[in-house]
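*Asks:* Numbered by the UniProt record's numbering, the letters in the sequence shown go through residues 1 to 588 in order.
Cβ atoms here follow ideal geometry from the backbone N, Cα and C, with glycine treated the same way.
Values in this document were obtained by computation on a predicted structure and should not be read as measured data.
My questions all concern the structure below.
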Amino acid sequence: MTVVASRRPRAAEERPAGTGRARPRRRRGWRRWILSGPLLVVLAILILVPAGFVVVAAFTTDSPRPGASLGAFTWSNFAILGDPDFTGGLLNSVLIAVFGTALALVIGGGLAFLAARSNVPARRFVFLVGIAPLVLPSYVGALAWAMLGSPQAGLLNIALRDLGLPPVVDLYGLGGMVFVLALFYAPYPFLMIHSSLSLMNPELEDAASIHGASVRKMLSGVTFPLAMPAVLGSGLLVFILMLENFPVAQVLATPGGVVTLPTFLFQLMTASPARGNEASAIALALVAIVATVTLLQRRALAKRSFTTVTGKGVRARRVSLGRGRVICFVLVCAYFALSVVLPLLALLLTSIRRSPYMDSFADLLRPNAVRFDAYGAVLQSKLFATVTLNSVVVSVVAAVAGTILAFLVAYTAYRTKARGGGLLEGISMMPIAIPAIVLGIGLLWTWIQSPIPLYGTLGVLMIAFVAAQMPQGLRSMASAIRSTDPDLEDSAVIHGAPRRRAVAVVTLPLMRVALSSTLLLLLMLSMRELTVPLFLYTSNTQILSITIFDQFENGGALQQAAVLSVVYVLIMFVLSYLPRRFGGTTDV
1 MTVVASRRPR AAEERPAGTG RARPRRRRGW RRWILSGPLL VVLAILILVP
51 AGFVVVAAFT TDSPRPGASL GAFTWSNFAI LGDPDFTGGL LNSVLIAVFG
101 TALALVIGGG LAFLAARSNV PARRFVFLVG IAPLVLPSYV GALAWAMLGS
151 PQAGLLNIAL RDLGLPPVVD LYGLGGMVFV LALFYAPYPF LMIHSSLSLM
201 NPELEDAASI HGASVRKMLS GVTFPLAMPA VLGSGLLVFI LMLENFPVAQ
251 VLATPGGVVT LPTFLFQLMT ASPARGNEAS AIALALVAIV ATVTLLQRRA
301 LAKRSFTTVT GKGVRARRVS LGRGRVICFV LVCAYFALSV VLPLLALLLT
351 SIRRSPYMDS FADLLRPNAV RFDAYGAVLQ SKLFATVTLN SVVVSVVAAV
401 AGTILAFLVA YTAYRTKARG GGLLEGISMM PIAIPAIVLG IGLLWTWIQS
451 PIPLYGTLGV LMIAFVAAQM PQGLRSMASA IRSTDPDLED SAVIHGAPRR
501 RAVAVVTLPL MRVALSSTLL LLLMLSMREL TVPLFLYTSN TQILSITIFD
551 QFENGGALQQ AAVLSVVYVL IMFVLSYLPR RFGGTTDV
């Protein structure tokens, strides 16, 4: 009773508002925002403000402009949702995304299984094949396949005519888009599913085998269901990326008279005058679609446990393919040829032909039919030096800044008790649900009205890349932090080290591979980015991806576009080598 009596006055003192005892609690509450507060401000400037401009524009009569009002509130912008071009473009985009995602999952998942869990010959080569298309951005791949598969002048059709066969290859349309997108987005599910299959504890598979299950039943009943989060997660990512992909649609769908949602948005934004308000209304509708698909994915994974990775050292169980080893390896080589070899050959051949047009491969045997003058002209030009330097500077700065920001957000959200962790994660993931074209317009509206004179400089491109790639950076960092045991860091703190020093000396070295991988990922994404800077660049801030796309759109510069694409692929290849040189190797 004595203890109770002594505690009761203290409790009573804490209850009334305005007493001295309540203030420390408020202060402690504010302290929990010290870490998350500045990050929320940064993310708000990077993401929320551009997204806010898009939302406001969807409900007003005028687009944001310096020194101009937004006009009156209106619902009329949403009338565009009944436009036949919109409904047709949306249907085409959904069909492309659904079938393209299914094909990408089959390709990427099949390669992941072969590399991680089978006895296929040359498994390391299979792993490299799975990630090799990353050195060719989807729009460069689309340019190459346009050179290969255009109805009349495509290299494949020329070869067929030389063989006396009818020219039947035509990639201008929905089928061509599904094919090309699946080829170049298959590495995404490959990497995610390969990681899941490699880390999977084989004890459940062993238990199934002990109880008499065949290899096929073990795979269908145990292995593949356990990999379902990786399958659905990568499928959702690929579906969204395909749904919003503009450059491939512009290269392969537009010539065939097919309207997709990204090309329709581009038409709205490039109309005279620009119809940005209606484009913003479409963006909100697309966000609703993405949110619905994400909700369905979460429900599919709800109330089920997929945890199989424990603290024990595990070694993935290999499945014997029997006589199918050779067939599977041939299929791997076929995918490598379609996704890397043929596109590179097409770019090389187009870059060294004297004439951009030819009727037969026999034309290449004529005198001076093949020349390398274009490489000298392009590589020595001031344009090449400028756009390459711009691309490297913007990409490196954006990758470094994006990696630092992603680490700070992930650490704050998953390792601290700071308030607003869920809000940090939610804001960081917003750009994946906003069409890249509309996000670029939101960034344009933000920075042309900013008191800081960044528009027209490389700085606005750096900011745009950090904002657009924040979801990928956060996912990569969050996965690494979750898989890193915090006990060592806490032990350093217990032994007297400040938390900052513990993070710098313990946590960051443990995450060296993850940090270098995230840095490389953001560097490659920045080098590949085309859609977001489409409305942000000027003649002084042009980058390599924009230059390649512009020259391809200008039919007279096809050879120059091919030369730049070849050089660009070489740069991407060097970048892809960096993590294996400095960040450790991947065990396959």
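How would you label W75, buried or exposed, when you count the other beta carbons within 10 angstroms and need 16 or more for buried?
*Replies:* The residue in question, W75, is exposed, as its Cβ has fewer than 16 Cβ neighbours within 10 Å.
*Asks:* Just to confirm my understanding: we take P16, look at its own chain, exclude 5 residues before and 5 after, and list those with CB closer than 6 Å. What are they?
*Replies:* Residue placement at P16 cannot be trusted, given a pLDDT of 45 that sits under 50; what the coordinates show is reported in the next sentence. Contacts found: none.
*Asks:* When you compare each of V319, G459, A398 to S526 by their alpha carbons, which one comes out closest?
*Replies:* Out of V319, G459, A398, A398 has the C-alpha closest to the C-alpha of S526.
*Asks:* Name the DSSP bridge partner or partners of R371?
*Replies:* Beta-bridge pairing links R371 to no other residue.
*Asks:* On a CA-only basis, which of P247, D550, A337, N368 is nearest I437? Give me that one, please.
*Replies:* Nearest C-alpha to I437: P247.
*Asks:* In chain order, what residues of the same chain lie with their CB nearer than 8 Å to the CB of Y335, ignoring the 5 residues before and after it?
*Replies:* The residues are I107, L111, V129, L183, A186.
*Asks:* Where does V319 fall in DSSP's three states?
*Replies:* Here V319 sits in strand by DSSP.
*Asks:* Does DSSP put F73 in a helix, in a strand, or in coil?
*Replies:* Strand at F73.
*Asks:* If you follow the alpha helix (DSSP H) that L443 is part of, which residue opens it and which one closes it?
*Replies:* Where L443 is concerned, the enclosing alpha helix (DSSP H) stretches over 436-448.
*Asks:* Helix, strand or coil for S355 per DSSP?
*Replies:* It is coil, neither helix nor strand.
*Asks:* On the DSSP bridge assignment, give the partners of S118 in chain order.
*Replies:* V319, per the DSSP bridge assignment.
*Asks:* Exposed or buried, E553, counting other C-beta atoms within 10 Å across all chains shown (16 or more means buried)?
*Replies:* Its Cβ having fewer than 16 others within 10 Å, E553 is exposed.
*Asks:* Per DSSP, T60 is paired with what?
*Replies:* T60 is bridged to F73.
*Asks:* Taking the beta carbon of S272 as the centre, do at least 16 other beta carbons fall within 10 Å, making it buried, or is it exposed?
*Replies:* With fewer than 16 other Cβ atoms within 10 Å, it is exposed.
*Asks:* Looking only at its own chain, which residues have a Cβ that is under 6 Å from the Cβ of Q551, when we skip the five neighbours before and after it?
*Replies:* If we look at Q551 and ignore the five residues flanking it on each side, its Cβ neighbours are A557, Q560, A561.
*Asks:* What does the alpha-carbon distance come out to for the pair T403 and L522?
*Replies:* Looking at the two C-alpha atoms, the distance is approximately 8 Å.
*Asks:* Quick one: grab the DSSP three-state call for R419.
*Replies:* Reduced to three states, the DSSP call for R419 is coil.
*Asks:* Helix, strand or coil, according to DSSP, for P16 in the structure here?
*Replies:* Note that P16 has pLDDT 45, beneath the 50 cutoff, so the model's placement of it is unreliable and the number below is only indicative. Looking at P16 - three-state DSSP - the assignment turns out to be coil, as it is neither helix nor strand.
*Asks:* Quick one: Cα of residue 591 to Cα of E425, how far?
*Replies:* The first residue shown for the chain is 1 and the last is 588, placing residue 591 beyond what the model contains.
*Asks:* Please report the distance separating the alpha-carbon of D62 from that of G456.
*Replies:* Cα to Cα, D62 sits roughly 23 Å from G456.
*Asks:* Using 8 Å as the cut-off, can you tell me whether the stretch 380-388 makes contact with the stretch 444-461, which would need three or more C-beta pairs spanning the two stretches below that distance?
*Replies:* No, the stretch 380-388 is not in contact with the stretch 444-461.
*Asks:* Strictly under 9 Å for the Cβ-Cβ distance: is F99 near chain C by that measure?
*Replies:* Looking for chain C here will not work: only one protein chain is present.
*Asks:* Mapping DSSP to helix, strand and coil, what is M572?
*Replies:* Residue state, collapsed to three classes: helix.
*Asks:* Is the stretch 417-432 close to the stretch 491-507, with three or more CB pairs under 8 Å?
*Replies:* Touching, no.
*Asks:* Beta-carbon separation of I289 and L243 under 9 Å?
*Replies:* Cβ atoms of I289 and L243: closer than 9 Å.
*Asks:* Answer yes if the stretch 156-174 comes into contact with the stretch 82-90, meaning at least three C-beta pairs across the two stretches below 8 Å, and no otherwise.
*Replies:* With the cut-off at 8 Å, the stretch 82-90 and the stretch 156-174 do not touch.
*Asks:* May I ask you to verify whether the stretch 260-267 touches the stretch 226-236, counting CB pairs closer than 8 Å and requiring at least 3?
*Replies:* Flag = no, the stretch 260-267 and the stretch 226-236 do not touch.
*Asks:* From the DSSP output, in three-state form, read off N92 for me.
*Replies:* N92: helix per DSSP, three-state reduction.
*Asks:* Where does R528 fall in DSSP's three states?
*Replies:* Helix at R528.
*Asks:* Rounded to whole angstroms, what's the CA-CA distance from V513 to F113? Just pull it up for me.
*Replies:* Computed Cα separation, rounded: 23 Å.
*Asks:* Alpha carbon to alpha carbon, what distance is there between R419 and residue 637?
*Replies:* This structure cannot settle anything about residue 637, because the visible part of the chain is limited to 1 through 588.
*Asks:* How should F372 be labelled, buried or exposed, when 16 other C-beta atoms within 10 angstroms of its C-beta is the threshold for buried?
*Replies:* With fewer than 16 other Cβ atoms within 10 Å, it is exposed.
*Asks:* Could you check if W145 is buried or exposed, using at least 16 other CB atoms within 10 Å of its CB as the buried criterion?
*Replies:* Its Cβ being crowded by 16 or more others within 10 Å, W145 is buried.
*Asks:* Out of R501, S118, L331, state which residue places its alpha-carbon closest to the alpha-carbon of L197.
*Replies:* For L197, the nearest C-alpha among the options comes from S118.
*Asks:* Would you call the CB atoms of A467 and I47 closer than 9 Å?
*Replies:* Yes; because the gap between Cβ atoms is below 9 Å, this pair is in contact.
*Asks:* Where does N245 fall in DSSP's three states?
*Replies:* Three-state DSSP puts N245 in coil, outside helix and strand.
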